[in-house]
């Protein structure tokens, strides 16, 4: 490989660690595409970037956003740089890829609680998806914006965004529809509904998740029965039934079912439920375990949940375990 080709790839954010995965011919082609998009940017180059984005998604739960973001931003940067230069028939597929990468970049910024950049990339994902006529991605990003509203504890916005995502449900995979329905249920309990009142929606979400899908779309491919169960536990906590939530966590929160980042996040939610159920010592111990995983994956979202746990634990602030939790969270 010539130094020129390597420099061309690195200029557009293609990580050096990714280069050995390319054969010599493919490497030359991708480098040429970076230098002359109109002539060389084609299916081979698109497939390369799809593989790199898929690898980023696969590694995210273990590596965290600080190690994953540079490559993802390189990919969406390459899309933004070259979408204006490619042949018209390539542009739509390139923007479809860009929308996928922009949505993932938004998620990574959400995990480090940079909500301004989160919204920027979500909006860019919607714009590119609209131009690419990717209706499913547009609905999926609305669901992601609804989840961001949960982080910011804005239940009304959370509800209306989840409802908006479902308006295009014919194009959405069943698993994305299922997550949107549970998101509505969670927003409704935050707005005052009881757990019993939203139980039919949670049942509807379970039925959608269990229904056969055509399998063509990879949107929400990570979403499964275990995640729906965790979100059901969150719903019960928000509905004022933390003991019921703790029982669900105790049954289903098993480390090997999650990435390190996600396991740490759900531990923080279990800690909050335990605190609200009047078990301060167990809540603090769970929070400490969560904080260790948040540190290893740089998940500020998890750390923010632990700050909320400390608020719940205020009546027991002098207990030794609670003091330890405060020390690790505020360190």
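Residue numbers (our numbering): 113 to 443.
Glycine included, C-beta positions come from ideal geometry on N, C-alpha and C.
Self-check item: Local conformation of residue 285 per DSSP, three classes
Solution: In the displayed model, residue 285 falls within coil according to three-state DSSP, outside both helix and strand.
Practice problem: Return the chain-ordered list of same chain residues with a C-beta closer than 7 Å to the C-beta of residue 213, the five sequence neighbours on each side being excluded. | Solution: 165, 184, 187, 188, 191, listed in sequence order.
Self-check item: Given 8 Å, three or more beta-carbon pairs between the segment 352-362 and the segment 314-331
Solution: By the Cβ criterion, the segment 352-362 is not in contact with the segment 314-331, since fewer than three pairs of Cβ atoms, one from each stretch, lie closer than 8 Å.
Exercise. Use the C-beta contact count for residue 423: other C-beta atoms within 10 angstroms, 16 or more gives buried, fewer gives exposed.
Key: By the 10 Å Cβ count, residue 423 comes out exposed.
Quiz prompt | Outcome for residue 496 when other beta-carbon atoms lying within 10 angstroms are tallied against a minimum of 16 | solution = Here the chain covers residues 113 to 443 and nothing more, so residue 496 does not appear.
Quiz item: What does a CB cutoff of less than 6 Å around residue 426 pick up in its chain, not counting 5 residues either side in sequence?
Solution: Once the five neighbours on either side are set aside, residue 426 has no close Cβ partner at all.
Practice problem: In the DSSP assignment, find the unbroken alpha helix (DSSP H) run with residue 194 in it and report its ends. | Solution: Going by DSSP, residue 194 is part of the alpha helix (DSSP H) stretching over 177-194.
Practice problem: Between the Cα of residue 272 and those of 351, 338, 319, 298, spot the shortest distance and give me the residue it belongs to. | Solution: Nearest neighbour of residue 272 by Cα position, chosen from 351, 338, 319, 298, turns out to be 298.
Practice problem: Apply the 10 Å Cβ neighbour rule to residue 222 and answer buried if 16 or more other Cβ atoms are within range, or exposed otherwise. | Solution: Around the Cβ of residue 222, a 10 Å sphere holds 16 or more other Cβ atoms; the residue is buried.
Quiz item: Looking only at its own chain, which residues have a Cβ that is under 6 Å from the Cβ of residue 168, when we skip the five neighbours before and after it?
Solution: Contacts found: 180, 183, 184.
Exercise. Between the Cα of residue 346 and those of 277, 367, 259, spot the shortest distance and give me the residue it belongs to.
Key: Closest option to residue 346, Cα to Cα, is 259.
Practice problem: Using the Cα positions of residue 349 and residue 385, report the straight-line distance between them to the nearest angstrom. | Solution: Whole-angstrom Cα-Cα distance: 6 Å.
Quiz item: Under a three-way DSSP split, which group does residue 381 fall into?
Solution: Of the three classes helix, strand and coil, the one that applies to residue 381 here is helix, per DSSP.
Quiz item: Residue range of the alpha helix (DSSP H) that residue 408 falls in?
Solution: Going by DSSP, residue 408 is part of the alpha helix (DSSP H) stretching over 392-409.
Self-check item: Candidates 400, 390, 241, 367, of which the one nearest residue 450 by Cα
Solution: Any property of residue 450 remains undetermined from this structure, which presents the chain solely from 113 to 443.
Quiz item: Given residue 379, which residues of its chain have a CB within under 6 Å of its CB, disregarding the five upstream and five downstream residues?
Solution: Counting only residues of its own chain and dropping the five nearest sequence neighbours on each side, residue 379 has a CB closer than 6 Å to the CB of 398, 401, 402.
Quiz prompt | Closest Cα partner of residue 342 within the set 237, 405, 369, 432 | solution = When only C-alpha atoms are compared, the closest one is 369.
Quiz prompt | Per-residue DSSP class, three states only, for residue 234 | solution = DSSP places residue 234 in helix when its eight states are reduced to three.
Self-check item: Buried versus exposed, by CB contacts within 10 Å (16 or more), residue 322
Solution: Per the 10 Å Cβ criterion, exposed.
Practice problem: Would you check if the segment 247-263 and the segment 225-238 touch, i.e. whether three or more CB-CB distances between them fall below 8 Å? | Solution: Touching, per the Cβ criterion.
Quiz item: Can you give the Cα-Cα distance for residue 308 and residue 351, rounded to whole angstroms?
Solution: When rounded, the distance between both Cα atoms is 9 Å.
Practice problem: Check whether the Cβ atoms of residue 365 and residue 417 lie closer than 8 Å to each other. | Solution: No, Cβ-Cβ distance for residue 365 and residue 417 is not below 8 Å.
Quiz item: From residue 170 to residue 302, what does the alpha carbon distance come to, in whole angstroms?
Solution: About 32 Å.
Quiz item: Among 224, 244, 211, which one has its Cα closest to the Cα of residue 201?
Solution: Among 224, 244, 211, the Cα nearest to that of residue 201 is on 244.
Quiz item: By the 10 Å Cβ neighbour count, where 16 or more other Cβ atoms means buried, how is residue 332 classified, buried or exposed?
Solution: Residue 332 comes out buried.
Exercise. Could you name each continuous beta strand (DSSP E) segment of 3 residues or more that falls completely within the segment 332-358, going from the start of the chain to the end?
Key: Along the segment 332-358, the beta strand (DSSP E) does not occur as any fully enclosed run of 3 or more residues.
Quiz item: Starting from residue 304 and walking both ways along the alpha helix (DSSP H), at which residues does that stretch end?
Solution: Here residue 304 belongs to no alpha helix (DSSP H), and DSSP marks it neither H nor E.
Quiz item: Which word fits residue 257, buried or exposed, when buried means at least 16 other C-beta atoms lie within 10 angstroms of its C-beta?
Solution: Buried.
Quiz item: residue 285: buried (16+ other C-beta within 10 angstroms of its C-beta) or exposed?
Solution: Buried, since its Cβ has 16 or more Cβ neighbours within 10 Å.
Quiz prompt | Start-to-end residues for the alpha helix (DSSP H) that takes in residue 253 | solution = Counting along the chain, the alpha helix (DSSP H) containing residue 253 begins and ends at 247-263.
Exercise. Would you tell me roughly how many angstroms separate the C-alpha atoms of residue 435 and residue 443, rounded to the nearest one?
Key: In this structure, the alpha-carbon of residue 435 lies about 12 Å from that of residue 443.
Quiz item: Smallest Cα separation from residue 279: which of 296, 266, 268?
Solution: Scanning 296, 266, 268 for the CA closest to the CA of residue 279 turns up 296.
Exercise. Determine the direct distance from the alpha carbon of residue 344 to that of residue 431, and round the result to whole angstroms.
Key: Approximately 30 Å between the Cα atoms of the pair.
Quiz item: Is the beta carbon of residue 209 less than 8 Å from the beta carbon of residue 162?
Solution: For residue 209 and residue 162, yes; Cβs fall inside 8 Å.
Self-check item: Sequence-distant residues of the same chain with beta carbon closer than 7 Å to residue 440, five excluded per side
Solution: Cβ neighbours of residue 440 beyond the five flanking positions: 400, 403.
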